[in-house]
Amino acid sequence: MKPVFFGSKLLALVLGTLISQPAWAQDSIVLLQAVSQLTRDYDYLIDVCYESQGREALEACDLALEIKPEDATTWTNRGTKLDELGQLRAALASHDRAIELTSNYSLAWANRCSVLIGLGRNPEAVESCQAAIRGDGRWGGMGEVLAWYNLGVALHYLERNEEALTAYNRAIELKPNDADIWNNLGLVLEGLGRLEDAMEAYQRAVSLDPTHSLGRSNINLLQPRLD
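Have a look at this one:
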């Protein structure tokens, strides 16, 4: 990981500039150089926070938040990194902080929904995904499909299959070539007793991703019920 310098290294960078400058100018130069260095370091930390994985990414998020502690985007991205590390309660707290800072932030609500599903708190997950859909439309690179997909998952766990069907259909409208969505749609259709439609959904999942093991398994499990 690239080192971040704020102290003696910064002084070394500006030392040559300070020679032969009057005292008032030296103060201004030090301040400008410090701000410039801080900006470069912050941009680097944000890149690592967003693009890396594991503890390196988490550390970068934390350092970035020391510089800009009220950046809601960094807080929710930090929550995602904690989620990936299996630290779900800490992840939830991080997403909650993002929402405290920006109450209608769609991505933070959708990420919160995902964590709540992992914690088995599905009624709250449904509310969070619905809040995401009603929110400001800022989804980052994930897109609105994230909220609809997770809404379908939470509703399915709650056995609210008709509502889950609506959510998955909307997710497919947004991302029609996603094998996971088609597979989950099949599960909901199967739960509704629409076995032929479920088989078509599983087959669609496998056609999109021939390595989709869950889709193949679901086809094999459902086939005897259709024979």
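Per mature numbering (1 follows the signal peptide of the UniProt record, and there is no 0): the sequence shown = residues -25 to -1, 1 to 202. Glycine included, C-beta positions come from ideal geometry on N, C-alpha and C.
Which two residues bound the contiguous alpha helix (DSSP H) that contains residue i?
i, result
"H70", "63 to 76"
"K56", "47 to 59"
"N79", "Segment: none, N79 is in no alpha helix (DSSP H) and carries neither H nor E."
"L133", "Where L133 is concerned, there is no enclosing alpha helix (DSSP H), given that its DSSP letter is neither H nor E."
"R191", "188 to 201"
"L167", "Note, L167: premise wrong, no alpha helix (DSSP H); not H, not E."
Please name the residue in the options whose C-alpha comes closest to that of residue i.
i, options, result
"I42", "L149, R15, Y80, V90", "R15"
"G118", "G161, E75, I147, I74", "I147"
"E102", "C88, G112, T186", "C88"
"N86", "P98, L76, D71, G95", "D71"
"G168", "C104, L140, N195, R179", "L140"
"R64", "W114, I92, I21", "I92"
"G112", "Y143, E99, E138, T77", "T77"
"I156", "Q105, R179, Y80", "R179"
"L183", "A154, W50, I108", "A154"
"P199", "G190, M174, T186", "M174"
"E26", "G116, V120, E45", "G116"
"V120", "A129, R145, A100", "R145"
"Y143", "T48, N125, T186", "N125"
"R110", "L130, R96, A83", "Per the sequence shown, residue 110 should be read as Gly rather than Arg. Residue A83 is the option with its Cα nearest to G110."
"H131", "L38, G95, W114", "G95"
"L33", "T186, P151, Q105, W50", "W50"
Per DSSP, what kind of secondary structure is residue i in: helix, strand or coil?
i, result
"M174", "helix"
"V(-22)", "With a pLDDT of only 33 at V(-22), under the threshold of 50, the placement of this residue in the model should not be trusted, and no figure is reported."
"E119", "coil"
"E141", "Looking at the sequence shown, residue 141 is not Glu but Thr. T141 falls in the helix class under three-state DSSP."
"G112", "coil"
"A(-1)", "Low confidence applies to A(-1): its pLDDT is 43, below 50, so where it sits in the model is not reliable enough to give any reading."
"T(-9)", "The predicted position of T(-9) is uncertain, since its pLDDT is 41 and thus under 50; a value taken from the coordinates is nonetheless stated next. Reduced to three states, the DSSP call for T(-9) is helix."
"G95", "coil"
"D184", "coil"
"N152", "coil"
"S27", "coil"
"S11", "With a pLDDT of 45 at S11, under the threshold of 50, the modelled position of that residue is not reliable, and the figure given next carries that caveat. Correct three-state label for S11: helix."
Do residue j and residue i have their beta-carbon atoms positioned less than 8 angstroms apart in this structure?
i, j, result
"N136", "N158", "no"
"A73", "G54", "yes"
"Q28", "E75", "no"
"A35", "L20", "yes"
"G166", "Y177", "no"
"A107", "S81", "yes"
"A66", "V90", "yes"
"E171", "L196", "no"
"P98", "L133", "yes"
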